[in-house]
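Peer 1: Got a structure for you, questions after.
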Amino acid sequence: MLHPFEVALVQDNATADPTQKFQRAQALEQEGRISEAETLYRQLLAAYPGQPALLHRLALLLKGRGALTEAEALLRRAIAALPREAVLHNNLANVLRAGGRYNDALNAYRKAVELNPAYTEALYNLGICLEDLIEFDEALAMHRRAVALNPDYVQPRTRIGVILRHQGQLEEALKELDAALTLNAQSFEALYYRGLTLAELERPEAAAADLAQAAALRPASFEALRALANNLRNAGQMDQALDAYWRAMELQPVNPAIHEELNRLAWMADRPERFLTSFAYARDRSGEDPNLLFVEAQIRMQRNDAQNAETLLQRLVAIAPQRADANALYGRLLSRRGRHEESFAAFDAAVAADSTVGAYRNEYGYALLKGKQARASLEQFEAARRINPFDQLALGGMCVAYRELGDSRYQDLVDIPSFVRAYQLRVPAGYADAAAFNAALAEELQALHTMTAEPLEQTLRGGTQTPGLLFTRKSKLIEQLRESIAEAVGLYVRELPAGMEHPLLSRKLDDFSFTHSWSCKLRSSGFHTNHVHSMGWISSAYYVSLPDAMDDPAQHRGWLKFGESHLELGGRDRPEHFVQPVVGQLVLFPSYFWHGTVPFESARDRLTVAFDVVPGVVQTDALTGGPY
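Here it is, written out as structure tokens:
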């Protein structure tokens with residue numbers, strides 16, 4: 143369709159030739175014969191060099207093929223000829239925005255709206271540009287103006303829903319997206335964002351239904367397929383989720399994140415026929431990719447497949463000898479296999495490649511401990527603490543090194559009587575007693591344990607763990623638990639003594655935040671390997687439901703233990719303290735304390751809630767579900 147100012151080209155030329163050529167160029171555009179259309183527009187422009195219609199049409203064509211600099215120049219020439227033509231300012235803004243010049247685009251969109259306040263497309267585009275600039279309130283106002291002028295305009299109505307979702311107004315967002323889909327049931331954007339909104343409302347089945355429609359409309363959308371897979375997983379539809387992850391992986395075969403998600407689900411859902419197969423598929427189609435070699439080696443190490451992991455890492459280090467994370471992972475594997483001197487060389491290479499990553503220093507320190515070089519390990523842990531003074535893995539390593547060396551500083555760090563404390567939680571309103579509350583909580587938590595096996599990267603063995611951040615779930619029961627726990631944590635913090643030089647005590651503040659939170663379910667023979675919590679300050683165990691097998695104080699079956707590392711050093715490296723689990727009891731301790739659990743035998747599961755706390759106020763939006 144011609145804009146009014148473009149019609150003038152036809153009307154102002156008495157001869158048929160320019161009119162026919164202009165119409166022919168438009169027809170070629172519509173047929174997708176862009177090169178021929180461009181040639182014809184350029185011929186016309188040579189004959190009529192100041193004609194705004196020709197400048198405009200050629201600029202739009204050039205924008206379509208990415209020639210933004212020339213497109214901008216042509217549009218500015220058109221605007222010089224017709225300075226009050228709003229469509230020219232709008233399309234200039236589109237070109238500027240396509241080039242990432244958002245502030246310049248914003249000014250051009252504002253000019254278009256100033257010239258024509260009823261120009262709904264420019265209002266919508268202005269709203270989108272304001273979103274780019276994170277000016278969400280004004281963007282919302284522009285989209286609402288566009289909808290007020292044209293209630294059937296689907297795109298701005300969809301963006302209203304998107305912004306409301308971003309602002310946490312999920313139910314209001316859902317209403318706007320419903321309205322958009324009433325206008326156009328085949329709108330990919332409305333279906334996609336409605337699916338994401340339903341997911342945040344913890345309605346994974348409905349979310350998956352919308353996202354499946356979105357993916358069908360746009361099969362090449364990696365984002366839609368990945369979101370679909372996530373919600374099918376959350377809805378317990380494991381095979382369908384794996385299929386969706388696989389389709390997403392086919393779209394981006396060298397995307398390491400999608401391989402991680404696919405293979406971790408295959409493991410946790412007990413689908414061995416799908417586990418680790420994606421890497422060979424990607425290699426066949428895209429060749430050897432360093433990132434995929436890294437991810438596959440890491441997963442194989444987590445499943446104790448050291449031989450194949452080593453083969454992969456040898457190939458990776460040969461391809462990318464200066465890659466710090468590859469050398470560090472190779473060093474960890476070599477240390478695990480008892481080849482200490484080789485591991486030290488690998489860690490030296492990692493640190494030389496990037497000395498700013500504390501994780502490499504920590505892994506090096508643990509390898510040195512396994513190699514009976516405790517004093518040298520301290521150098522690495524101190525280096526990690528210079529990068530981050532509150533690095534819990536470094537502090538945990540220092541504890542082991544001090545103990546191995548007989549250093550008195552160990553007792554200052556690991557003061558178990560002062561820092562390991564147990565609390566009976568207040569029973570929330572509405573429950574007769576702690577037993578009634580924990581019985582209801584156990585029922586709700588059991589429903590969240592939808593997997594068959596533990597996460598690959600966690601310390602759990604013989605059980606399952608809930609995904610995501612437990613304390614952010616929209617559940618009154620979990621909110622009540624969180625409130626009761628917060629009271630106990632507040633008491634624990636207030637009772638901590640002062641100590642400005644101490645890595646635990648020096649962080650003491652009145653305000654604190656829950657970061658990671660989850661539930662663990664251990665089956666018979668299950669346990670937690672010895673570990674520390676790398677992203678915490680204070681960590682925890684709350685006992686929801688327990689088997690009777692935990693009543694034996696001699697065997698400590700199922701008990702929480704402190705003091706023994708994961709390094710299997712023998713000698714001093716052994717449990718120093720045990721805590722018997724009690725339903726309704728919360729145990730709090732520093733995150734750098736080494737802790738694990740003793741295996742137990744029972745027909746009943748051991749069900750707990752755990753979390754990490756950090757001082758101050760922390761937004762959890764960017765956090766993942768994994769605690770360590």
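Start counting the sequence shown at 143; every next residue gets the next number (our numbering). Yeah, the Cβ is synthetic: ideal placement off N, Cα and C, and Gly gets one too.
With respect to the alpha helix (DSSP H) encompassing ASP279, which residues constitute its N-terminal and C-terminal limits?
Peer 2: Unbroken alpha helix (DSSP H) run through ASP279: 278-291.
Peer 1: Considering only DSSP beta bridges, list what SER659 is partnered with.
Peer 2: DSSP output for SER659 lists PHE753 as bridge partner(s).
Peer 1: Considering THR608, what are the terminal residues of the beta strand (DSSP E) in which it resides?
Peer 2: Element bounds for THR608: n/a, residue is neither H nor E.
Peer 1: Between ASN530, ALA322, LYS703, ALA254, which lies nearest to ILE558 when the distance is taken from Cα to Cα?
Peer 2: For the residues ASN530, ALA322, LYS703, ALA254, the minimum Cα distance to ILE558 belongs to LYS703.
Peer 1: On the DSSP letters alone, give me the boundaries of the alpha helix (DSSP H) that LEU702 sits inside.
Peer 2: That residue, LEU702, is in no alpha helix (DSSP H); its beta strand (DSSP E) goes 702-704.
Peer 1: Give the straight-line distance between the Cα atoms of LEU393 and GLY208, rounded to the nearest whole angstrom.
Peer 2: When rounded, the distance between both Cα atoms is 24 angstroms.
Peer 1: Determine the DSSP secondary structure at GLY738, reduced to helix, strand or coil.
Peer 2: It is a strand residue.
Peer 1: Going by beta carbon distance, what residues of the same chain come within less than 8 angstroms of ALA424, once the five residues before and after it are set aside?
Peer 2: Here the set comprises MET391, PRO395, VAL396, HIS401, ASP431, LEU434.
Peer 1: Out of curiosity, what's the CA-to-CA distance linking PRO695 and PRO723?
Peer 2: Distance between the alpha carbons of PRO695 and PRO723 is about 11 angstroms.
Peer 1: Leaving out five residues on either side along the sequence, give the residues of the same chain with a beta carbon under 6 angstroms from the beta carbon of SER477.
Peer 2: Once the five neighbours on either side are set aside, the close Cβ partners of SER477 are SER485, ALA509, LYS512.
Peer 1: I need the DSSP call for SER682, collapsed to helix, strand or coil.
Peer 2: Three-state result, SER682: strand.
Peer 1: Got a sec, what are the start and stop residues for the alpha helix (DSSP H) LEU633 sits in?
Peer 2: LEU633 -> alpha helix (DSSP H) spans 618-637.
Peer 1: Along the chain, where does the alpha helix (DSSP H) that runs through HIS673 open and close?
Peer 2: Unbroken run through HIS673: none, as it is neither H nor E.
Peer 1: Check the C-beta distance from ARG336 over to LEU316 and give it rounded, since I have them as a contact under 8 angstroms.
Peer 2: At roughly 7 angstroms, the Cβ-Cβ gap stays under 8 angstroms, so ARG336 and LEU316 are in contact.
Peer 1: Should the stretch 638-651 be regarded as contacting the stretch 738-747, the criterion being three or more beta carbon pairs within less than 8 angstroms?
Peer 2: With a cut-off of 8 angstroms, the stretch 738-747 and the stretch 638-651 do not count as touching, because too few Cβ pairs lie within range.
Peer 1: Indicate, with yes or no, if the ligand ZN has a heavy atom lying under 6 angstroms from the CB of GLN168.
Peer 2: Absence of the ligand ZN from the depicted structure is noted, as is the absence of any ligand whatsoever, leaving it without description.
Peer 1: Please state the DSSP three-state secondary structure of PHE654.
Peer 2: PHE654: strand per DSSP, three-state reduction.
Peer 1: Please state the DSSP three-state secondary structure of TYR552.
Peer 2: Helix, per DSSP.
Peer 1: CB-CB under 6 angstroms to THR157, same chain, minus the five flanking residues each way: which ones, in chain order?
Peer 2: Because THR157 carries a pLDDT of 44, less than 50, the predicted location of this residue cannot be relied on, and the following value inherits that uncertainty. Excluding positions up to five away in sequence, the list is empty.
Peer 1: HIS719 lies in the beta strand (DSSP E); which residues open and close that run?
Peer 2: Note, HIS719: beta strand (DSSP E), 719-721.
Peer 1: Do the CB positions of LEU319 and ALA332 come within less than 7 angstroms of each other?
Peer 2: Yes. Within cutoff.
Peer 1: Please confirm if the stretch 518-537 is in contact with the stretch 488-503, defined as three or more CB-CB distances below 8 angstroms between the two stretches.
Peer 2: Counting Cβ pairs under 8 angstroms, three or more are found: they touch.
Peer 1: Determine the DSSP secondary structure at TYR183, reduced to helix, strand or coil.
Peer 2: In this structure, TYR183 counts as helix in the three-state DSSP scheme.
Peer 1: Considering TYR573, what are the terminal residues of the beta strand (DSSP E) in which it resides?
Peer 2: Careful: TYR573 lies outside any beta strand (DSSP E) and carries neither H nor E.
Peer 1: Taking ALA399 as the reference, which of PHE436, GLN588, PRO570 has the closest Cα?
Peer 2: Ranking PHE436, GLN588, PRO570 by Cα distance to ALA399 puts PHE436 first.
Peer 1: Looking at the structure shown, is ARG748 part of a helix, part of a strand, or coil, going by DSSP?
Peer 2: Correct three-state label for ARG748: strand.
Peer 1: What's the C-alpha gap between ASN450 and PHE753?
Peer 2: Roughly 34 angstroms between the two C-alpha positions.
Peer 1: If you draw a straight line from the C-alpha of GLN355 to the C-alpha of ARG624, how long is it?
Peer 2: When rounded, the distance between both Cα atoms is 37 angstroms.
Peer 1: Along the chain, where does the beta strand (DSSP E) that runs through ARG563 open and close?
Peer 2: Counting along the chain, the beta strand (DSSP E) containing ARG563 begins and ends at 563-566.
Peer 1: Rounded to whole angstroms, how far is the Cβ of LEU224 from the Cβ of ALA201, which I believe are closer than 8 angstroms?
Peer 2: Going by Cβ atoms, the distance from LEU224 to ALA201 rounds to 13 angstroms, so no, they are not a contact pair.
Peer 1: Are the CB atoms of VAL686 and TYR734 within a distance shorter than 7 angstroms?
Peer 2: Against a cut-off of 7 angstroms, the Cβ pair of VAL686 and TYR734 comes out as no contact.
Peer 1: Let me know the secondary structure DSSP gives SER363 once reduced to three states.
Peer 2: Reduced to three states, the DSSP call for SER363 is coil.
Peer 1: Would DSSP call VAL724 helix, strand or coil?
Peer 2: Coil, per DSSP.
Peer 1: Taking Cβ to Cβ, would you say VAL751 is nearer than 7 angstroms to SER666?
Peer 2: Taking 7 angstroms as the Cβ cut-off, VAL751 and SER666 do not qualify as a contacting pair.
Peer 1: Is LEU749 near LEU567, with beta carbons less than 7 angstroms apart?
Peer 2: Against a cut-off of 7 angstroms, the Cβ pair of LEU567 and LEU749 comes out as no contact.
Peer 1: For ASP154 and ARG166, I'd like the C-alpha separation in whole angstroms.
Peer 2: Any reading at ASP154 is ruled out, since the residue's pLDDT is 49, under 50, leaving its predicted position unreliable.
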